[in-house]
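Notes follow the structure.
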């Protein structure tokens with residue numbers, strides 16, 4: 001039984017088959033990357049996995065549980081966290097508040113104890129803070145703790161989003177174009193962090209990425225998509241030299 | 253400039269930042285407690301209005317400022333609270349129980365109104381709450397067995413556990429107590445998961461969802477909590493105004509509440525209180541100016557022997573007597589605030605504080621707004 005498997009996944013938007021019969025499985029502890037030209041359906045797969053879209057066909061199985069019909073807000077508690085292609089941070093809150101929100105799936109308090117801020121709530125808040133500080137240390141975000149997201153530069157926001165995903169204590173991390181908008185140096189940092197996330201924290205990573213240097217540096221296996229259909233799967237080298245993939249990117 | 257040295261995570265959780273902060277709030281508390289000893293009944297009464305409006309402000313702030321759901325029907329919640337409280341008092345229900353019932357009923361109606369909020373966003377939700385407000389106002393005027401319609405409904409003075417709160421000063425302290433309670437509870441929510449979930453919903457629903465926030469539940473909580481506070485404010489409002497009629501709880505009142513939170517500054521509890529001071533004290537200020545400007549200008553004209561001054565004073569006085577001037581001034585201020593200070597009075601307050609705390613080093617561009625276009629295609 002594989003750790004996370006996608007079986008014959010499809011979704012149609014009207015007549016457009018955005019994802020059409022995609023099947024793959026991710027082993028525990030690997031970095032699995034999905035590549036493909038624009039509009040290939042990569043982000044759509046992510047939105048299907050994080051349950052924002054309802055698939056028209058197929059099955060998603062995570063760690064032995066069928067998550068095809070789980071509501072989106074239950075996904076985080078199961079251990080799946082994600083980042084977004086166009087940064088979806090809570091802009092008018094501080095970085096700390098953003099990360100603390102990621103602990104939402106682990107909250108144990110109810111509304112009335114929060115209204116009174118009972119000692120148990122305070123205790124829980126301190127525990128969450130401890131967990132958040134680990135992510136802050138891991139990604140070197142100390143100096144931005146109390147800054148509002150609107151005042152932070154793009155590169156830092158990108159890292160903040162990664163930190164927020166880590167704060168949910170995920171087993172499977174979905175990274176939607178972690179390097180988009182980053183400069184070369186920041187992209188290299190990102191590559192190191194992704195490797196650390198896999199080796200030090202033991203988190204399985206499913207990634208969508210365009211930067212082939214990052215893809216070959218960190219991924220164990222790569223799946224190439226075009227028009228919602230799988231073209232090739234294998235090691236980064238194999239996929240990059242696959243004739244179908246070359247044709248999809250270069251035409252001909 | 254003072255630097256806060258943090259040594260424990262508790263420092264980020266507690267209500268007041270540090271000792272200096274605490275002592276400022278202590279001073280404020282002393283000043284507020286001393287008002288009835290130093291001022292005449294008229295001013296104590298006006299200050300009571302500020303407290304009641306501040307509770308309304310906190311209520312709307314939770315919904316509009318923190319959760320990002322704009323409501324134009326909050327006067328209806330105020331009315332439901334007020335009528336329910338007055339009705340129960342008339343039927344001999346003890347004060348505390350009556351308030352609790354009024355709050356429960358408004359909370360329940362808040363949940364009912366909140367249900368469409370789970371499906372509608374932005375302007376559509378606002379229109380739905382507007383419709384709710386109009387319907388409830390109609391109910392107030394038609395359901396005569398309970399509300400006595402346009403004949404009006406007198407409200408007894410509050411007596412709690414046999415202790416009368418009939419005097420202006422006693423009622424002042426009662427309202428102050430509830431305002432502090434409401435501020436404390438709301439602050440507690442804001443520093444725990446519920447408040448963060450609200451902020452998350454306001455800033456990005458999709459990310460909130462992916463982090464485990466159940467949108468339906470937290471939007472409903474926001475509506476219920478906001479309506480409940482409005483019910484509490486309504487009970488106090490009923491006592492303060494003394495006589496309930498359906499034409500009090502109009503859309504104009506709802507707009508005034510919205511104005512309150514915008515002028516005060518969206519997304520801060522300070523803003524709710526600042527806005528309340530502004531909204532509650534502007535009408536009496538206009539009334540005072542209406543009488544004092546012509547008189548003082550007339551005096552000046554006689555002293556300096558310039559007739560023009562007297563004519564100008566007379567003109568301003570007459571202008572201020574015109575119907576609708578108050579609404580006009582409110583509107584003008586709203587426009588100016590949105591143009592010049594989008595963060596409202598709280599934003600201005602923060603700027604002044606930063607100016608003094610960094611005094612010789614203040615940089616003019618600290619609060620300069622930057623344009624950024626980072627979210628190209630947003631998921632809905």
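Protein chains in written order, with the working numbering: chain X, 1 to 252; chain R, 253 to 632. All C-beta atoms in this analysis are idealised placements derived from N, C-alpha and C, irrespective of residue type, glycine included.
Partners in chain X for residue i, counting only beta-carbon separations shorter than 7 Å
| i | result |
| --- | --- |
| residue 265 of chain R | 122, 125 |
| residue 519 of chain R | 92 |
| residue 437 of chain R | 115 |
| residue 455 of chain R | 90, 91, 92, 93 |
Per DSSP, cross-strand counterpart(s) of residue i
| i | result |
| --- | --- |
| residue 399 of chain R | DSSP output for residue 399 of chain R lists no bridge partner at all. |
| residue 233 of chain X | X:223 |
| residue 526 of chain R | Per DSSP, none; premise fails for residue 526 of chain R. |
| residue 175 of chain X | X:207 |
| residue 13 of chain X | X:16 |
| residue 412 of chain R | R:415 |
| residue 6 of chain X | X:24, X:60 |
| residue 94 of chain X | X:148 |
| residue 406 of chain R | R:495 |
Check whether residue i and residue j have beta carbons under 8 Å apart
| i | j | result |
| --- | --- | --- |
| residue 111 of chain X | residue 473 of chain R | yes |
| residue 100 of chain X | residue 454 of chain R | no |
| residue 427 of chain R | residue 530 of chain R | no |
| residue 45 of chain X | residue 19 of chain X | yes |
| residue 145 of chain X | residue 102 of chain X | no |
| residue 380 of chain R | residue 89 of chain X | no |
| residue 390 of chain R | residue 532 of chain R | no |
| residue 596 of chain R | residue 525 of chain R | no |
| residue 463 of chain R | residue 76 of chain X | yes |
| residue 173 of chain X | residue 34 of chain X | no |
| residue 483 of chain R | residue 300 of chain R | no |
| residue 214 of chain X | residue 233 of chain X | no |
| residue 338 of chain R | residue 405 of chain R | yes |
| residue 382 of chain R | residue 500 of chain R | no |
| residue 512 of chain R | residue 312 of chain R | yes |
| residue 11 of chain X | residue 50 of chain X | no |
| residue 296 of chain R | residue 420 of chain R | yes |
| residue 128 of chain X | residue 177 of chain X | no |
| residue 32 of chain X | residue 206 of chain X | yes |
| residue 539 of chain R | residue 431 of chain R | no |
| residue 385 of chain R | residue 328 of chain R | yes |
| residue 480 of chain R | residue 407 of chain R | no |
| residue 314 of chain R | residue 486 of chain R | no |
| residue 208 of chain X | residue 56 of chain X | no |
| residue 527 of chain R | residue 317 of chain R | no |
Under 7 Å from the C-beta of residue i: neighbouring residues of chain R
| i | result |
| --- | --- |
| residue 109 of chain X | 444, 445 |
| residue 204 of chain X | Ordered by position in chain R, no residue passes the 7 Å Cβ test against residue 204 of chain X, which lies about 17 Å from the chain. |
| residue 50 of chain X | 462 |
Listed by chain order, chain X residues near residue i by CB distance under 9 Å
| i | result |
| --- | --- |
| residue 441 of chain R | 111, 114, 115, 117 |
| residue 261 of chain R | 125, 126, 129, 130, 133 |
Residue i: CB within 7 Å of a non-hydrogen atom of the ligand NAP
| i | result |
| --- | --- |
| residue 149 of chain X | With respect to small molecules bound, the structure shown includes none, and the ligand NAP cannot be examined in it. |
Interface partners of residue i on chain X, CB under 8 Å
| i | result |
| --- | --- |
| residue 360 of chain R | Neighbours of residue 360 of chain R on chain X: none; closest Cβ ~15 Å, over 8 Å. |
| residue 451 of chain R | 90, 92, 93, 97, 101 |
| residue 458 of chain R | 52, 84, 88 |
| residue 448 of chain R | 93, 97, 100, 101, 104 |
Contact set between residue i and chain R, taken where Cβ atoms lie within less than 8 Å
| i | result |
| --- | --- |
| residue 168 of chain X | 463, 464 |
Quiz item: Given a limit of 8 Å on CB to CB distance, which residues of the stretch 80-104 of chain X reach chain R?
Solution: When C-beta distances to chain R are compared with 8 Å, the residues of the stretch 80-104 of chain X below that value are 81, 82, 84, 86, 87, 88, 89, 90, 91, 92, 93, 96, 97, 100, 101, 102, 103, 104, in chain order.
Quiz item: What residues from the stretch 462-494 of chain R come within 8 Å of chain X, judged by C-beta to C-beta, listed N to C?
Solution: For the stretch 462-494 of chain R, which is checked against every Cβ of chain X, the residues closer than 8 Å are 462, 463, 464, 465, 466, 467, 473.
Quiz prompt | Any beta strand (DSSP E) of 3 or more consecutive residues that is wholly inside the stretch 18-89 of chain X | solution = Note on the stretch 18-89 of chain X: whole beta strand (DSSP E) runs with a minimum of 3 residues are 31-35, 57-62, 80-82, in chain order.
Exercise. Kindly provide the ranges of any alpha helix (DSSP H) runs that are 4 or more residues long and lie completely inside the stretch 561-623 of chain R, ordered along the chain.
Key: As far as the stretch 561-623 of chain R is concerned, its whole alpha helix (DSSP H) runs of at least 4 residues are 577-592, 596-609.
Quiz item: Considering only residues of the stretch 467-520 of chain R, which uninterrupted alpha helix (DSSP H) runs meet the minimum length of 4 residues and lie entirely inside it, listed in chain order?
Solution: Qualifying alpha helix (DSSP H) stretches, in chain order: 467-493, 503-516.
Exercise. May I ask you to list, following chain order, the residues of the stretch 54-80 of chain X that have a beta carbon less than 9 Å from some beta carbon of chain R?
Key: Listed by position, the residues of the stretch 54-80 of chain X near chain R (Cβ gap below 9 Å) are 71, 72, 73, 74, 75, 76, 77, 80.
Practice problem: Could you please tell me which residues of the stretch 224-239 of chain X, in chain order, have their CB closer than 8 Å to any CB of chain R? | Solution: Correct list: empty, as no residue qualifies.
Quiz item: Looking at chain X, which residues of the stretch 497-516 of chain R have a Cβ within less than 8 Å of any of its Cβ atoms?
Solution: The residues in question: there are none.
Quiz item: Which residue spans inside the stretch 116-147 of chain X form an unbroken beta strand (DSSP E) run of at least 3?
Solution: Counting only runs of 3+ residues, no beta strand (DSSP E) is found wholly inside the stretch 116-147 of chain X.
Self-check item: Residues of the stretch 592-610 of chain R whose Cβ lies closer than 7 Å to any Cβ of chain X, in chain order
Solution: Sequence-ordered contacts of the stretch 592-610 of chain R with chain X are nonexistent [C-beta pairs closer than 7 Å].
Quiz item: Unbroken beta strand (DSSP E) runs of length 3 or more, entirely within the stretch 359-400 of chain R: which are they?
Solution: Whole beta strand (DSSP E) segments, 3+ residues: zero.
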